[in-house]
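What follows is a set of notes on a single structure, which appears directly below.
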Amino acid sequence: MPKPDLRWTSLSLGKAGLRALAEILRADLVPAGVHVATVTVDCHMVPGTDSDPDLVAEHYWQLHAERPGAWTDEIVHRGSAPV
């Protein structure tokens, strides 16, 4: 998980809230067969690099394609384009 950064205070607070919400929802919804996960992007998006938005989209597809019982709770995309 990326560390909170003073330069991104409001984003850090919002992401912490989303992670907490996902944990709460996961406890209630996973037993009902609902996959709850978060994707965090820890870089600037730069097309044509390892920070390409298409690579982040692949994370969402990966989550969609996972089978129950093998679900990922969180994915952090770390590209080389610094934040």
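All letters in the sequence shown, in the order written, are residues 686 to 768 by our numbering. Built from N, CA and C at the ideal position, the CB exists for glycine as well. Computed from a prediction, not measured in an experiment: that's the story for all the values here.
- By the Cβ neighbour-count rule, Gly702 is exposed, with fewer than 16 other Cβ atoms within 10 Å of its own.
- Boundaries of the alpha helix (DSSP H) harbouring His744: 738 to 750, taken from the DSSP string.
- Shown here, Thr694 sits in a helix according to DSSP, grouped into three states.
- Just so you know, the alpha carbons of Ala707 and Leu740 end up roughly 22 Å apart.
- Counted as a single uninterrupted DSSP element, the beta strand (DSSP E) harbouring Thr725 occupies residues 723 to 726.
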